[in-house]
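Respectively, the protein sequence lines represent chains A and B. Residues 0 to 183 (numbering that gives the first Met the number 0) are what the first sequence spells out, left to right. Residues 0 to 183 (numbering that gives the first Met the number 0) are what the second sequence spells out, left to right. Ideal Cβ positions, reconstructed from N, Cα and C, are used throughout, including at glycine. In this text the structure is predicted, and so the values were computed from the model without any measurement.
There are 2 protein chains.
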Amino acid sequence: MITTANVKNGVNVDQLVETIGAVQQNPELAKFQFRSKNNWIDGGHCVSSIKEFYGVGQEDTTRQETFTMECDHPNVLLGNDTAATPPEVVLHALGSCLTGAMVYHAAANGITIEGAESSLKGDIDLHGFLGLDPEVRTGFDGITFTLKVKSDATAEQLENLAKFSPVFDMITNPTPVKIEIVKQ
Amino acid sequence: MITTANVKNGVNVDQLVETIGAVQQNPELAKFQFRSKNNWIDGGHCVSSIKEFYGVGQEDTTRQETFTMECDHPNVLLGNDTAATPPEVVLHALGSCLTGAMVYHAAANGITIEGAESSLKGDIDLHGFLGLDPEVRTGFDGITFTLKVKSDATAEQLENLAKFSPVFDMITNPTPVKIEIVKQ
Chain A
0 MITTANVKNG
10 VNVDQLVETI
20 GAVQQNPELA
30 KFQFRSKNNW
40 IDGGHCVSSI
50 KEFYGVGQED
60 TTRQETFTME
70 CDHPNVLLGN
80 DTAATPPEVV
90 LHALGSCLTG
100 AMVYHAAANG
110 ITIEGAESSL
120 KGDIDLHGFL
130 GLDPEVRTGF
140 DGITFTLKVK
150 SDATAEQLEN
160 LAKFSPVFDM
170 ITNPTPVKIE
180 IVKQ
Chain B
0 MITTANVKNG
10 VNVDQLVETI
20 GAVQQNPELA
30 KFQFRSKNNW
40 IDGGHCVSSI
50 KEFYGVGQED
60 TTRQETFTME
70 CDHPNVLLGN
80 DTAATPPEVV
90 LHALGSCLTG
100 AMVYHAAANG
110 ITIEGAESSL
120 KGDIDLHGFL
130 GLDPEVRTGF
140 DGITFTLKVK
150 SDATAEQLEN
160 LAKFSPVFDM
170 ITNPTPVKIE
180 IVKQ
């Protein structure tokens, strides 16, 4: 007997249903911890290494590769422009997460996504970062995510699916960040 | 006459002081817009392209390179594990931004940073993302940033400098995200 995987939008729906069932049986399996190591090079230039994580009740042993990513700043922001700035990297994470969440939840609901591409824009006033005006926030005032998508679902349906995005939650709602500084 | 740049922590302090002076003369120069384009590949696999931005009163013409970055998901999250997940990318952006902000503001205040490395951890309960419990948020419950730093400044001083980070602001405070969906 030949069985074929039930794949929709590149998502293995059988595995997704199994995952949901497993989590319903054992809620502890849903607890994940993601991690990153960051090394300062100089100025606003840093490199991160990402590999290990905890999930499905154990330390992961499947990931083979360590992913490295850099951040830098353009010349007008006193950098050497060797990589994207941290706020630009946030736009990358947010666009990928909104799209991925839509695609996964569409698959779970039998909705086909034939294609998707998006652009993101974030406005920032450096009076905040430069410490010139305490009334101006240091981060983006707001972000616009414009998604072109080919699907039979309505725009409203697709927006509701995308909003399951973890990064969307982290950006639009407060996420506590504990800072621990260890002097060497 | 030979003049040498006044560089501290890899930051050109003369250029930093000039930038602050220019912004005080003309507040419009502080308005920046960062952008990202995102293309869906399949499942939770996306690639972003980052190049153009607006700042210092004009569209940037100095950046030569287009930075590309991917997101994917590990096998246990139904991906092919070809790149870091979006929440891991947020940790990269946050770690780089907190470090960069500390380094720039240290330079502006005459504080030397001799070395810095950090680790970040974010905990997430997938009951939120999977739609199994509407009381559980989809993003990180919280993030811990542990920074080892070599400097004569106190830990409290360094923490206050790091908190100028734009990404720290975006994560710890709500940032509005407008979603526009265009059906193709």
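Under DSSP, residue 32/B forms a beta bridge with 122/A, 53/B. Below the 8 angstroms Cβ cutoff, chain A contributes no neighbours of residue 51/B, its closest Cβ being approximately 10 angstroms away. Taking the Cα of residue 17/B as reference, the smallest distance to any Cα among 168/B, 112/B, 55/B is reached at 55/B. Within the same chain, 86, 121, 122, 123 come within 7 angstroms of residue 139/A by CB-CB distance, once the 5 residues on both sides are set aside. Residues of the segment 3-26 of chain B whose Cβ lies closer than 8 angstroms to any Cβ of chain A, in chain order: 8, 9, 10, 11, 14, 15, 18, 19, 22, 23, 26. For residue 146/A, the uninterrupted beta strand (DSSP E) segment begins and ends at 141-150. When the beta-carbon positions are compared, residue 42/B and residue 176/A stay at least 8 angstroms from each other. DSSP links residue 46/A through a beta bridge to 38/A, 69/A. The three-state secondary structure of residue 75/A, taken from DSSP, is helix. In this structure, residue 73/A and residue 62/B form a Cβ contact; the two beta carbons are roughly 6 angstroms apart against a cut-off of 8 angstroms. Residue 21/A sits in a helix when the DSSP states are folded into three classes.
Of all C-beta pairs linking the segment 84-102 of chain B to the segment 162-171 of chain B, three or more are shorter than 8 angstroms, placing the two stretches in contact. For the pair residue 89/B and residue 183/B, the Cα-to-Cα distance works out to about 29 angstroms.
Close CB contacts of residue 128/B within its chain, under the 7 angstroms cut and outside five residues either way in sequence, are with 137 (chain order). Distance from the CA atom of residue 23/A to the CA atom of residue 71/B, rounded to whole angstroms, is 25 angstroms. Taken atom to atom, the span from the alpha-carbon of residue 113/B to that of residue 44/A is near 14 angstroms. Residues of chain A with a Cβ closer than 8 angstroms to the Cβ of residue 142/B are, in chain order, 174, 175, 176, 177.
Only residues of its own chain outside the window of five on either side were considered, and among them 53 have a CB closer than 6 angstroms to the CB of residue 32/B, listed in chain order.
Contact between residue 40/B and residue 66/B is absent: CB atoms are separated by about 17 angstroms, not below the 8 angstroms threshold. The beta-bridge partner set that DSSP reports for residue 176/A consists of 142/B.
Out of 181/A, 64/A, 93/A, the CA that lies nearest to the CA of residue 157/B is found in 181/A. Each of 171/A, 101/A, 13/A was checked against the Cα of residue 148/A, and the nearest Cα belongs to 101/A. Assignment of residue 116/A by DSSP, reduced to helix, strand and coil, places it in the strand class. For residue 166/B, the enclosing alpha helix (DSSP H) begins and ends at 165-171. Residue-level contact check: residue 74/B touches chain A, since one or more beta carbons of chain A fall below 8 angstroms from its beta carbon. Beta-carbon to beta-carbon, residue 143/A and residue 179/B are separated by about 7 angstroms, close enough to satisfy the 8 angstroms threshold.
Chain order gives the chain A residues near residue 61/B as 73, 74, 75, 80, where near means a beta carbon separation below 8 angstroms. For residue 11/A, the beta-bridge partners assigned by DSSP are 6/A. Residue 8/B counts as buried, since no fewer than 16 other beta carbons sit within 10 angstroms of its beta carbon. Among the residues of the segment 108-127 of chain A, those with a Cβ less than 8 angstroms away from any Cβ of chain B are 112, 114, 115, 116, 117, 118, 119, 120, 121, 122, 123, 124, 125, 126, 127, in the order of the chain.
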